[in-house]
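Colleague: Residue numbers (the numbering used here): 392 to 538.
In this text, a Cβ means the ideal position worked out from N, Cα and C, and glycines have one as well.
Bear in mind that the values here come from a model prediction, so they are computed numbers and not experimental data.
So that we are looking at the same thing, I have put the structure below in structure tokens.
Quick look at the structure:
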């Protein structure tokens with residue numbers, strides 16, 4: 392794994408930070424499961440979801456650009472990625488309410504890719520959009536689900 396990477400292994404249910412194997416996270420996953428990853432920039436935490444149910448939050452360093460990825464080991468495996476273009480299985484509404492709500496300007500970011508170029512002390516993230524749409528800053532709850 393690359394420096395700054397954080398992962399959850401589906402077969403064994405263990406977390407990995409860079410090259411260090413962590414503890415059992417609380418669930419394994421496989422065929423038919425919907426798995427999500429959520430970054431909380433304000434609290435500097437990550438948590439994973441399985442079929443809409445959240446797991447425990449873990450601390451994460453947000454000092455480098457973040458690149459969501461999915462790794463599969465079976466040549467016949469299929470995966471689809473939802474970056475917000477469809478409703479999430481995890482109910483985000485109560486979570487958003489505890490983070491100051493949802494600003495309509497954030498809608499423009501759903502389904503787009505970009506690079507986090509800065510995270511301020513208050514958790515606000517500056518994101519450079521890959522589509523040339525410029526730079527946006529806000530205090531988001533950024534979800535990167537993988538199914």
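Taking one C-beta from the segment 468-482 and one from the segment 412-430 each time, how about it: are there three or more such pairs within less than 8 angstroms?
Modeller: Yes: the two stretches touch, three or more of their Cβ pairs being nearer than 8 angstroms.
Colleague: Going by DSSP in three states, residue 481 sits in which element: helix, strand or coil?
Modeller: The answer is coil: DSSP assigns residue 481 none of H, G, I, E or B.
Colleague: By the three-class DSSP mapping on this structure, what secondary structure does residue 415 have?
Modeller: Strand, per DSSP.
Colleague: Under 7 angstroms, do residue 405 and residue 413 count as touching if we go by C-beta distance?
Modeller: Yes. Within cutoff.
Colleague: Would you please state the rounded distance, in angstroms, between the beta carbons of residue 397 and residue 451? I believe it to be under 8 angstroms.
Modeller: Correct: roughly 6 angstroms between the Cβ atoms.
Colleague: For residue 464 and residue 437, what's the separation of their Cα atoms in angstroms?
Modeller: One C-alpha to the other measures close to 24 angstroms.
Colleague: Please report the Cβ distance between residue 432 and residue 516, rounded to the nearest whole angstrom; I am assuming they are in contact, meaning their Cβ atoms lie under 8 angstroms.
Modeller: About 5 angstroms separates the two Cβ atoms, so the contact holds.
Colleague: DSSP on residue 531, reduced to helix/strand/coil?
Modeller: Low confidence applies to residue 531: its pLDDT is 46, below 50, so where it sits in the model is not reliable, and the reading given next is rough at best. Three-state result, residue 531: coil.
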